[in-house]
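J.: When you line the sequence shown up against my numbering, it's residues 1 to 471, in that order.
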Amino acid sequence: MQNENPIWSHVDARAEAFTGLADRVFDTPEIAYTEKRSCAEHTAMLREQGFRVTENLAGIPTAVMGEAGEGGPVIAILGEYDALPGLSQAPGLAEPKPISETGMGHGCGHNLLGSAAMSAATAVKDWLEAEGIAGRVRYYGCPAEEGGAAKTYMVRDGLFDDVDIAITWHPGSYSAVDDMRSLANTRIDFTFTGRAAHAAGAPELGRSALDSVELMNIGVNYMREHMPDAARVHYAYLDAGGIAPNVVQSTATVRQLIRSPDLAGLADLVTRVRAIADGAAMMAGTQVSSRVFSAVSNLVENRPLSEAMQREFDALGPVPFDAEDRKFAEEIRQTFTRADIADTFRQVGAKPDYDLPLFDFVAPLDRPMTGGMGSTDVGDVSWAVPTVQARVATCAVGTALHSWQQTAQGRNPAAHKGMLHAAKLMAATARRAMTDEHLRASARKAHEEYLAEQPYANPIPAETMPPIAAE
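1. For the region 115-135 against the region 71-81, are there 3 or more C-beta pairs whose distance is under 8 Å?
2. Counting only the same chain and skipping the five closest in sequence on each side, list residues whose C-beta sits under 7 Å from that of arginine 179.
3. List the endpoints of the continuous beta strand (DSSP E) containing alanine 252.
4. Report the option in Gly20, Ile7, His10 whose CA atom is closest to the CA atom of proline 473.
5. Taking 8 Å as the line, does the beta carbon of alanine 32 fall inside it for any heavy atom of the ligand PLP?
6. By a C-beta neighbour count over all protein chains shown, 10 Å radius and 16 as the cutoff for buried, is glutamine 334 buried or exposed?
7. Near phenylalanine 26, which residues of its chain fall below 6 Å by C-beta distance, leaving aside the five closest residues on each side in sequence?
8. For methionine 1, which three-state DSSP category applies?
9. Please state the DSSP three-state secondary structure of glutamine 389.
10. Should the region 56-74 be regarded as contacting the region 87-97, the criterion being three or more beta carbon pairs within less than 8 Å?
11. Can you tell me which of the three DSSP states glutamate 80 falls into?
12. Alpha carbon to alpha carbon, what distance is there between threonine 399 and alanine 342?
13. Consult DSSP for phenylalanine 192 and reduce its assignment to one of helix, strand or coil.
14. With burial defined as no fewer than 16 other Cβ atoms inside 10 Å of the residue's Cβ, what is the status of glutamine 454: buried or exposed?
15. What would DSSP say about phenylalanine 336, mapped onto helix, strand or coil?
16. Under the assumption that aspartate 489 contacts valine 296 (Cβ atoms under 8 Å), give the Cβ distance between them as a whole number of angstroms.
17. From which residue to which residue does the alpha helix (DSSP H) around valine 163 run?
18. Taking the beta strand (DSSP E) that arginine 411 belongs to, which residues open and close that run?
19. Just to confirm before moving on: does the CB-CB distance between arginine 259 and alanine 184 stay below 9 Å?
20. Specify whether the region 167-175 and the region 228-243 touch according to this definition: at least 3 beta carbon pairs, one from each stretch, less than 8 Å apart.
Shown next as structure tokens:
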């Protein structure tokens, strides 16, 4: 590390509280839009730390915001706390052992993500108070990142309209300022309605909704040859029409997840997929209706902010893992293939080091972009406001997100160290943004220039509401 940043000590002062928060969220994993206990923990911590709290953001009961400070620029720090289905796993074990066979688990590290973000926001709050500086920091507790697009709804409702800069991070197996590449996507549910009939006695009277779904999937599969290389389409049956094969299925629903590197490409693919659905209905003699379940935009890089965060990351240095951390990481690594380990280095454009248990350096900002891309609702925030994101090592080299290995490491000391490191990085970046008017102006200019070339349209239709289950 170089010279100590004065804001790092504010993270250290409350490290135990936020480590405890991360562990409590880990112990109560909840999936998209059901994160009541996790949101309650975050809300209680915001009040305990002296934030002004606003609940039920964008009409979402599990979304919360805490604000501190007065006047000046507004810096948002984004947190998450949702889990994933089917990734229940006992922590601290280097072998798969679900706590519950049907349970949920933090296989993407969001228990750490939200806790570090609130730790950073609290450090900035304490620093503003100690220095008497005008400025406001906000912690946004964002649910349903895993497929629910809560931030997209929050952007649509104007919750970031007065924010100057947004900062966030994500746990992972490496440390770097994020390359801000992601796929825009939308999830659309296509429901086909036909006519039931006896499948043996009078099949000619039936019109199969299940046939329509299968014809649609065939059409989409043939479309794959004629899509851009980075585009993706996935599907899942939500309703296959029942379990009786001697009945012509009168209704069936398939969810199509359509992805593209940018919003314009996504719009084109959606038009083509909808045409395929219409054709499938025509061929099978059924009717089709559709409903957008969720949608997110691609991430937009803000170069001035990326450079500013890189300077703070270089000053902070890599996560200070110790021998015990490396020992457990080696145990976890025995469950990986060489391809798994190589993938960590592929994501930062570096040559694989198959003997490295935990990432021990900060990747440079300008590096070969060779890794694959997923999707995130942070993308829509990055269209609404200049945004920067980090990846910080919290787990063994080779660990894939959405895996039991990620869940197994989610409460380990190494995960806690990475989480607090991320908090220091975000707090330091927020401090720089608060005090550097030129940085804020440069970030705003870069953002405006991008939007002038590619105007933003929120990908969720105005009539679509968050899919919140009734009480």
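By construction, the Cβ of each residue, glycine as well, lies at the ideal position given by its N, Cα and C atoms.
T.: Let's see:
1. Taking a cut-off of 8 Å on C-beta distances, the region 115-135 touches the region 71-81, as three or more cross pairs fall below it.
2. Per the sequence shown, the amino acid found at residue 179 is aspartate instead of arginine. Correct list, in chain order: Met369.
3. From DSSP, the beta strand (DSSP E) with alanine 252 extends over 251-260.
4. Shown here, the chain extends from 1 to 471; a query on residue 473 therefore has no answer.
5. Ligands displayed in this structure: none; no statement on the ligand PLP is therefore possible.
6. Under the 10 Å beta carbon count, glutamine 334 is surrounded by fewer than 16 other beta carbons and is classified as exposed.
7. Excluding its 5 nearest sequence neighbours in each direction, phenylalanine 26 has C-beta neighbours in its own chain below 6 Å: His106, Asn111, Gly410, Arg411, listed in chain order.
8. Residue confidence is low: methionine 1 scores 46 on pLDDT, short of 50, so the model does not pin down where it sits. No coordinate-derived value is stated.
9. In the three-state DSSP reduction, glutamine 389 falls in the strand class (E or B).
10. With a cut-off of 8 Å, the region 87-97 and the region 56-74 do not count as touching, because too few Cβ pairs lie within range.
11. Glutamate 80 falls in the strand class under three-state DSSP.
12. If you draw a straight line from the Cα of alanine 342 to the Cα of threonine 399, it comes to about 10 Å.
13. Strand at phenylalanine 192.
14. Taking all protein chains in view, the Cβ of glutamine 454 is surrounded by fewer than 16 other Cβ atoms within 10 Å, so the residue is classified as exposed.
15. Reduced to three states, the DSSP call for phenylalanine 336 is coil.
16. In the structure as shown, the chain begins at 1 and stops at 471. Residue 489 is therefore absent and cannot be evaluated.
17. Where valine 163 is concerned, there is no enclosing alpha helix (DSSP H), given that its DSSP letter is neither H nor E.
18. Unbroken run through arginine 411: none, as it is neither H nor E.
19. Yes. Within cutoff.
20. No contact exists between the region 167-175 and the region 228-243.
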